[in-house]
Amino acid sequence: MTVFYPPKPKPRAKKPGPVGRLFASLDSSLAPLYARSYAMKMGEVHTPRRRLYFIVQPDLALRVLAESATRYPKSNLMGAMLEHLVGDGIFVSRGQTWARQRRMMDPAFEATRIRAIFPLMREAAEAMAERFGAGAVGEATRVDIEMTHVTADVIFRTIYSRAFTRAEAETIFDNFEKFQKLAWRHGVWTMVGVPPSWSISRRRAKRYAKVIRDLLHAPVRERLERIARGEATPERDLLQSFIEAVDPETGERFDECELVDQIGVMFLAGHETSASSLAWALYMVAMSPEVQARLHAEADAAFAEGPLVFETMRRLPFTRDVFREALRLYPPVSFLSRDATEPETMRGKHIKPGEILFVSPWLSGRSEHHWDNPDAFDPDRFARAETRASEQKAYFPFSRGPRVCMGASFAMQEAVIILATIMREWRVAAAAGHTPDPVARLTLRSRNGIRLDFVRR
Ligand code: HEM
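When we follow the working numbering, the leftmost residue of the sequence shown carries the number 7, and every step to the right adds one.
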């Protein structure tokens, strides 16, 4: 079988001046560090005001994320980047605020029991199939954009019990693209210790975040008004669960602003991530004809008796492994940031309180100490017994410990449904002359998009 080695980040050309150099090394997804990271166990980057540490050695990574998690709280870096969009929502909150939110949201998230939302995911995937059938795909399709559309549709249906309109999709894509660039820039300044009030990017990002937040807020307001008028709200969706969520310790509920924060988190965390990894998965499938033939065969068998049902998911193990392999090679949240709170020494490096530790599912997922042929796209590795140890130690695309992703099962199910629905009808091939260029922003995206040719089978 021909093995495909998917692209890695390229070191960027150095720009003049200290600011240019800083952006060349940080804004380019830490590519220079990444390039020598396969054998690295721990690395560091010195910025003018603080040091950043990159932890790849698995026992240290798991200590930071899970075993001693209270000693390494989530850094406010993500919070600084996302504040205008998700306020103090659960993805970025810390301490008691986070603990209260998680207490309330874990049971509320039960509403998204994966069996119960299976039909919603299938409807969104079939809506995608209709768009594709009506000409949304063809030569050099921007598959990253199409995946953003379908995953946003899945999460929109889960939150609000209705589909995502084309107009809403366009408003969000357009504004999020601009927001993401500025938020990342602001994040780089925060990383190196520049005060937020100095950041022009932060002020500019707010404008685009507001458009998205207003769009997400309108249906929340509408639902709350219906409740205030005493009207029935039969929807059993995520919004309703969050409205009804009660803190078991204090009896409090979320107020309107907190509700919008949490809906913002669910919308963002619930689709950007899945969209990124689905686009990378499809690119690697396009470059691996034998993998694609097996996906086609698996989809044909799964759809042979009609539409997908929850039980059919068991008949798509290879599709699932393709997605797991995409998460290893291109984990969407590629750097997880934590704050050091006490002085300590790790692998001979003296870390001071306030410095930032990055644990990276991306670097660990490609570590040559833990994976056989780490840069190869090899979905079958997950079916081999010897991979179990690597998985336990060095595979954490959904994080580990108390801040572990709330939507991991949701994402796995959604991805398998979407991949199988595409494979039922389409063959994908890399667009001529196009090689994606990976870059870590809020999620791991391709700087030049991901373009594929879609051909009917
Ligand atoms: C392939 C898809 C996904 C990946 C790779 C992913 C990955 C992650 C990671 C790595 C974190 C933790 C970040 C950290 O520790 O700093 C996280 C947190 C979170 N994710 Fe996901 N996620 C995915 C999909 C989803 C979906 C579909 C949802 C919701 C429907 C979701 C909701 C959340 C929430 C609410 C948190 C915050 C949990 C907390 O801090 O307590 N994610 N995700």
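Yeah, the Cβ is synthetic: ideal placement off N, Cα and C, and Gly gets one too.
Computed from a predicted model, the values in this text were never measured in an experiment.
{"Check": "Cα-Cα separation, P367 to G257", "Outcome": "37 Å"}
{"Check": "First and last residue of the uninterrupted beta strand (DSSP E) at V9", "Outcome": "Taken as a continuous stretch (DSSP letters only), V9 belongs to no beta strand (DSSP E), as it is neither H nor E."}
{"Check": "Residues near T318 in its chain [Cβ-Cβ closer than 6 Å; skip 5 each side]", "Outcome": "A308"}
{"Check": "H223 - partner residues in DSSP beta bridges", "Outcome": "DSSP output for H223 lists no bridge partner at all."}
{"Check": "Rounded separation between L39 and R109 - CA only", "Outcome": "Interpretation of L39 is limited by its pLDDT of 49, a score under 50 that renders its predicted location unreliable; no figure is taken from the coordinates."}
{"Check": "Run of the alpha helix (DSSP H) containing I120, from where it starts to where it stops", "Outcome": "I120 to R137"}
{"Check": "Proximity test, D263 beta-carbon vs the ligand HEM heavy atom, cut-off 7 Å", "Outcome": "Sequence inspection shows Cys at residue 263; the Asp mentioned does not correspond to that position. No, the beta carbon of C263 sits no closer than 7 Å to any heavy atom of the ligand HEM."}
{"Check": "Exposure label - A292; buried when at least 16 CB within 10 Å", "Outcome": "buried"}
{"Check": "Inter-residue Cα distance where the pair is R163 and R100", "Outcome": "28 Å"}
{"Check": "Cβ-based neighbour list, I96, same chain, cut-off 7 Å, excluding 5 preceding and 5 following", "Outcome": "W104, Q107, R108, M111, Q268 and V271"}
{"Check": "Residue closest to K212, alpha-carbon to alpha-carbon, out of N181, S247, R242 and M46", "Outcome": "N181"}
{"Check": "Entirely enclosed alpha helix (DSSP H) segments - the segment 381-438, minimum 4 residues", "Outcome": "393-400 and 414-431"}
{"Check": "Contact check, L66 vs M48, beta carbons under 8 Å", "Outcome": "yes"}
{"Check": "Entirely enclosed beta strand (DSSP E) segments - the segment 168-214, minimum 3 residues", "Outcome": "none"}
{"Check": "Neighbourhood of V51 by C-beta, 6 Å cutoff - its chain only, sequence neighbours within 5 removed", "Outcome": "L58"}
{"Check": "Same chain only: Cβ atoms within 7 Å of V410, ignoring 5 sequence neighbours per side", "Outcome": "F404"}
{"Check": "Distance between G455 and P442 (C-alpha atoms, nearest Å)", "Outcome": "6 Å"}
{"Check": "Near the ligand HEM: V339 beta-carbon under 7 Å from a heavy atom", "Outcome": "yes"}
{"Check": "Residue nearest to I357 in terms of C-alpha spacing, selected from A436, A305, L301 and Y78", "Outcome": "Y78"}
{"Check": "According to DSSP, residues forming a beta bridge with A446", "Outcome": "L450"}
{"Check": "Sheet register partners of K355 (DSSP bridge)", "Outcome": "M352"}
{"Check": "Cβ contact (3+ pairs, closer than 8 Å) linking the segment 368-377 and the segment 313-329", "Outcome": "no"}
{"Check": "Reduced DSSP category for I161 - H, G, I as helix; E, B as strand; rest coil", "Outcome": "helix"}
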